[in-house]
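Undergrad:
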Amino acid sequence: MTRKYVDCRDTPSVSGCTLAMSGEEEELAQAAARHAVDVHGHADDEQLRAMTREGLRDAPVADTAPGAFIQLIEFRTDRIDEVEALAREWAEEIGADRTARWGVTTSDRDRAGTYIEMVEFPSYEAAMANSANPATSKFAERLQKLCEGEPRFLNLDVHATMAF
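Numbers in the working numbering are just positions in the sequence shown, counted from 1, shifted up by 66.
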């Protein structure tokens, strides 16, 4: 079963809570509801439990192994907040059809306005299925409008991994 996660930072609150939790769906829903009651002062009722379940997301998997595929996307923009919002929209739209397992967006310290996004897939074939999805095509088209010039793609097969 896919692990789920919930992150208080995804829901605006006056407390500024930064707690994130992950686990199997039922135990996580119960723990998140208890947290919402104990820390955020919500009433423990069916509405809270339903909202908590709606907020659960598939936990990112960071167990890259040989045979996996990583795509690096280098792009320039002065509108990174819009790019990040667009990425969240894409994730919501593609939903369960998403084959990307995890992604990280980084900024280049030496080149202001330059970003590199790393996205991991279980295989090249999974990456191509993701690319063929209409939600991804729409995302790419909208991303281009937020960037200066063409994004640069590097397509990388994972040969070895090391834990540090």
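All residues carry an ideal CB built from backbone N, CA and C; glycine is no exception.
Values in this document were obtained by computation on a predicted structure and should not be read as measured data.
Could you have a look at D76 and say whether DSSP puts it in helix, strand or coil?
TA: D76 falls in the helix class under three-state DSSP.
Undergrad: Between T84, M194, E214, which lies nearest to D163 when the distance is taken from Cα to Cα?
TA: Residue M194 is the option with its Cα nearest to D163.
Undergrad: How should E17 be labelled, buried or exposed, when 16 other C-beta atoms within 10 angstroms of its C-beta is the threshold for buried?
TA: Residue 17 lies beyond the residue range present for the chain, which begins at 67 and ends at 230; the question has no answer from this structure.
Undergrad: Would the beta-carbon of L138 fall within 8 Å of that of L209?
TA: No, the pair does not count as a contact, with Cβ atoms beyond the cut-off.
Undergrad: Look up D223 in the DSSP assignment and say whether it is helix, strand or coil.
TA: In this structure, D223 counts as strand in the three-state DSSP scheme.
Undergrad: Report the residue ranges of all alpha helix (DSSP H) runs contained in full by the segment 137-184; include only those spanning at least 4 residues, in chain order.
TA: Counting only runs of 4 or more, we get 146-160.
Undergrad: Taking C-beta to C-beta, are T84 and A102 nearer than 8 Å?
TA: No; because the gap between Cβ atoms is not below 8 Å, this pair is not in contact.
Undergrad: Helix, strand or coil: how does DSSP classify E186 here?
TA: Reduced to three states, the DSSP call for E186 is strand.
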